[in-house]
Amino acid sequence: MKSFFFLLCSLLANAMLAQERPIGIFQDYADVGSPKFAGATQFNDDTQTYTLKGAGYNIWFARDEFQYAYKKLKGDFILTADFEFVGAGTDPHRKIGWMIRESKDDNAAHVTATAHGDGLTVLQWRMLKGAFMRDPEDEIFPTKKNYQIIQVERVGKKIIMRAAHRGEPLQVIGSVTLDHLKDELLAGLFICSHNPDVVEEARVWNVRIDQPVAENYNPYKEGFIGCRLEVMNVWDGKRKVIRESTGRFEAPNWMPVGQKLLFNEGGSLYKIPVNGGTPEKLNTDFANRNNNDHGISFDGKMLAISHHRDGLPGGGSTVYVLPLEGGTPKQITDKTPSYWHGWSPNGKDVVYVGQRDGKVYDIYKKSIGGGEEIQLTQNKDTHVDGPEYSPDGKYIYYNGNQSGTMQLWRMKPDGTAKEQLTFDEYNNWFPHISPDGKWIVFISFPPDINVNDHPSYKRVMLRLMGVNGGAPRVIAYLYGGQGSINVPSWSPDSKYIAFVSNSGK
């Protein structure tokens, strides 16, 4: 009987040891290859930062030793994060980065996107279980770069590594095609000290795992399949997810005082605390088909919305205004479609884009007190969008494709003195001016996106630029697009922005 009791205890203990220990977005963490000193992974829920500690002789030859935080993934995916070592370190070849791996066996096939302690950044791999990894001299990789942002994308059997310094676009570091790669893999963060007698430490933040849809995916026909509401400190680049959904919500506005965000979901508008919580529906009375073009007046008293009326051209999007605390909307525009984008600083006018008589979109403004709409652009075969006043009222900023790609422009409030502000290969949309009047945040789509389109589920960037132009710098890399940052989303103190990223399937 005693032997049975001890056997039962042993089995229960082993079962407990085998249980997963979820941490952050990962399913488990563990040492692979039995390093001499145990490693660990911690997660700070307030900052959404991972701290990894790990030892290990190396990740090389026919076997590996390291600390690993991972989850199981199938199909294609995009892994993105910011990495940094803690402390000066012992061995210049200590390693951190992303790893995709067929199992936790110490000799498993794997691909690692690796940043070394001396700055060397390279894609490395073991093609088959038990095989030797190739000598680095056989690979093509950059010199020592000290990249902070590392991204890995799987497309079928091909693995692509990208990296960037903070503020710069991602660039391809390397790629490899592994024909025998399994569909289900482990994917996660790793650290290896490259010295069996040393434990190294690293911090990792802005950790995102996205599972992309097909390039021709149409969410309006096939359904929207996941998004996150994020808040980011513009000046240090650190992001925090405050809400996730398998459905669709869009376009956060930062509300006055800075304690809540406003977003649209399912045709309604909701408020949510900036640190997350339960959304609270805003009363918009009959307006129950609101799209992602909505925003708050400069004095914080009024809300503009774009609600769809039935049986009208272009889906019937119409601009209305109502008190910010909710109420019955007042109709502003008669002609459709009309999509709101900005308030005048004095709260008397709204600016919006509209399509008239089936022609191209132009920018219009109209008094909320009534009267005729005033056309500010006259386009024949080009497209404009996203008009927004500067806080001082001197300019209206917008995006237009007059140069052949979608770029940022500004003009005076009467439509004169049009001036192009960005000049690059990206398609740049939706300029949002900081409340202090100094900065523009906007979204940049890749060059291969149709110049007149801003779709969801794409690899895009959020960029920052001075209001008078200059060289933009990247502040966020995300899988997103339509609905991410269509409307003004700065915090009142000009330190933070809010946006929506697509989390994929």
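Quick note on numbering: the sequence shown equals residues 298 to 802 in the working numbering. Glycine included, every Cβ here is placed at the ideal spot set by N, Cα and C.
By the DSSP assignment, the beta strand (DSSP E) with residue i in it spans what residues?
i	result
Y266	Nothing can be reported for residue 266, as the shown portion of the chain is limited to 298 through 802.
K645	That residue, K645, is in no beta strand (DSSP E); it is neither H nor E in DSSP.
N341	A337 to N341
Q675	Note, Q675: premise wrong, no beta strand (DSSP E); not H, not E.
A499	E497 to D507
E547	E547 to W551
R756	K755 to G763
D325	D325 to V329
N724	N724 to I730
V784	No beta strand (DSSP E) contains V784, which DSSP labels as neither H nor E.
F739	W736 to F742
G386	First-last for G386: undefined, no H or E at that position.
L349	T346 to G351
V771	R770 to G777
I522	Here I522 belongs to no beta strand (DSSP E), and DSSP marks it neither H nor E.
N799	Y793 to N799
Does the beta-carbon of residue i have 16 or more other beta-carbons within 10 angstroms, so that it is buried, or is it exposed?
i	result
D328	buried
M298	The predicted model places M298 with a pLDDT of 46, which falls under 50 and marks its position as unreliable; any figure quoted below should be read in that light. Flag for M298 reads exposed.
L305	Residue placement at L305 is poorly supported in this model, since its pLDDT is 44, which falls under 50; the coordinates are not used for a value here.
L425	exposed
W357	buried
W532	exposed
T338	buried
T719	buried
R423	buried
M317	The sequence given here has Glu at residue 317, not Met. Classification of E317: exposed, given that the 10 Å Cβ count is below 16.
G563	exposed
D476	exposed
A310	Low per-residue confidence applies at A310: pLDDT is 42, beneath 50, and the placement is therefore not dependable, though the value from the model is reported in the following sentence. Exposed, by the Cβ-count rule.
E547	buried
Y517	exposed
N515	exposed
F560	buried
F303	Note that F303 scores 42 on pLDDT, short of 50, meaning its location in the model is unreliable; the coordinates nonetheless yield the value given after this. The residue in question, F303, is exposed, as its Cβ has fewer than 16 Cβ neighbours within 10 Å.
F429	exposed
P332	buried
M313	At M313, the pLDDT of 44 sits below 50, so the modelled position is not reliable; the number obtained from the coordinates is stated separately. M313 should be labelled exposed.
Q445	buried
Which residues does DSSP pair with residue i in a beta bridge?
i	result
P570	K557
Q717	W706
K537	V528
G485	Y367 and M396
F374	R451
A460	I447 and Q468
E577	K568
A410	W395 and L420
H689	Correcting the residue type first, residue 689 is Asp in the shown sequence and not His. Answer is none; D689 lacks a bridge partner.
L425	DSSP output for L425 lists no bridge partner at all.
K662	V648 and I671
S603	V616
Q628	Y617
D682	N696
R653	BP columns for R653 are empty, so no partner.
T474	K455
Determine the contact status of residue i and residue j, defining contact as a CB-CB distance below 9 Å.
i	j	result
N588	S565	no
Q324	K369	yes
W551	D379	no
A601	V647	yes
D373	R451	yes
D403	R360	yes
Y567	V616	no
G321	F363	no
Y636	L486	no
I746	I782	no
V449	I393	no
K755	G777	yes
R525	V504	no
G697	N676	yes
V383	A499	yes
May I ask whether a heavy atom of the ligand GTP can be found less than 8 Å away from the beta carbon of residue i?
i	result
K333	Judged by which ligands are present, the structure shown has none, so any question about the ligand GTP falls away.
Kindly say whether residue i, judged by its beta-carbon, lies nearer than 9 Å to any beta-carbon of chain D.
i	result
G777	Annotation note: the requested chain D is absent from the structure, which comprises a single protein chain.
### Query
On the three-pair Cβ rule with 8 Å, is the region 721 to 736 touching the region 677 to 697?
The region 721 to 736, when compared against the region 677 to 697, does touch it at the 8 Å Cβ threshold.
### Query
Do the region 762 to 769 and the region 779 to 786 meet, that is, are 3 or more Cβ pairs less than 8 Å apart?
Three or more beta-carbon pairs separated by less than 8 Å are not found between the region 762 to 769 and the region 779 to 786, which leaves the two stretches without contact.
### Stretch pair the region 471 to 487 + the region 411 to 420: three plus CB contacts closer than 8 Å
Because the criterion of three Cβ pairs below 8 Å is met, the region 471 to 487 and the region 411 to 420 touch.
### Task
Indicate whether the contact test is met: 3 or more Cβ pairs, each with one atom in the region 385 to 405 and one in the region 502 to 512, closer than 8 Å.
Three or more beta-carbon pairs separated by less than 8 Å are not found between the region 385 to 405 and the region 502 to 512, which leaves the two stretches without contact.
### Message
Counting beta carbon pairs with one atom in the region 342 to 359 and one in the region 489 to 497, are three or more of them shorter than 8 Å?
### Response
Segment contact: the region 489 to 497 against the region 342 to 359, three or more CB-CB distances shorter than 8 Å; contact assigned.
### Task
Report yes or no: do three or more beta-carbon pairs, one from the region 569 to 588 and one from the region 609 to 629, lie closer than 8 Å?
As far as the Cβ criterion goes, the region 569 to 588 touches the region 609 to 629, which means the pair count is three or higher.
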